[in-house]
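Visitor: Dropping the structure in here first, questions after.
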Amino acid sequence: MTFRIITATALLLTATSAMAAPAKPASAVLVTNAREVAVTDFTVEAGGKTVRLAKPLAPKAKTTLKLPKMSGCIVTVAATFEDESTADLSEFDVCKDKNVRFTD
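952 is the number that the working numbering gives to position 88 of the sequence shown; each next residue is one higher, with no gaps.
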């Protein structure tokens, strides 16, 4: 039988290299409207470029929005709803979370 010995240093180096990999920005976000009113306007701004939903997002609906090419992870998300309420997320990290969910 052949045994392979892995030292603690080898394990630490393997774990460190896996953790050190740079985060890759999302190419799209999933937008979920879990509210009882429609989203009438939804925008994402990244690196001076703004993308928006082409049409309102109905209550309890989901859609995917393609993001502009970007080098960082932080975007600004803004939404306006049918009841005239708003939501603003000025530092949304799309490397950590690719889902934007609105709830009542």
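Glycine is no exception: its CB is placed at the ideal position from the N, C-alpha and C atoms. Note that the structure is predicted; figures quoted are calculated from it, not measured.
In three-state terms, what does DSSP make of D947?
Guide: Indexing the sequence shown from 1 puts residue 947 at position 83. Looking at D947 - three-state DSSP - the assignment turns out to be coil, as it is neither helix nor strand.
Visitor: For C898 versus K924, is the C-beta distance shorter than 8 Å?
Guide: As a working note, residue 898 is residue 34 in the sequence shown. As a working note, residue 924 is residue 60 in the sequence shown. The sequence shown places Ala at residue 898, not Cys. Yes. Within cutoff.
Visitor: Name the DSSP bridge partner or partners of K916?
Guide: Your numbering for residue 916 matches position 52 in the sequence shown. The sequence given here has Arg at residue 916, not Lys. Beta-bridge pairing links R916 to T907.
Visitor: Taking the alpha carbon of F906 as the point to measure from, which residue in P889, K888, T928 has its own alpha carbon closest?
Guide: Taking the first residue of the sequence shown as 1, we reach residue 906 at position 42. Among P889, K888, T928, the Cα nearest to that of F906 is on T928.
Visitor: What do you reckon, are the CB atoms on A910 and P932 nearer than 8 Å?
Guide: Translated into the one-based positions of the sequence shown, residue 910 becomes position 46. Translated into the one-based positions of the sequence shown, residue 932 becomes position 68. For A910 and P932, yes; Cβs fall inside 8 Å.
Visitor: Look up A874 in the DSSP assignment and say whether it is helix, strand or coil.
Guide: If you number the sequence shown from 1, residue 874 lands on position 10. Note on A874: pLDDT 47, under 50, position unreliable in the model; no value is reported.
Visitor: According to the Cβ coordinates, are T944 and T904 closer than 8 Å?
Guide: The residue given as residue 944 occupies position 80 in the sequence shown. The residue given as residue 904 occupies position 40 in the sequence shown. For T944 and T904, yes; Cβs fall inside 8 Å.
Visitor: Return the chain-ordered list of same chain residues with a C-beta closer than 6 Å to the C-beta of F956, the five sequence neighbours on each side being excluded.
Guide: Position 92 of the sequence shown, counted from the first residue, corresponds to residue 956. So the list reads V939, V941, once near-sequence residues are dropped.
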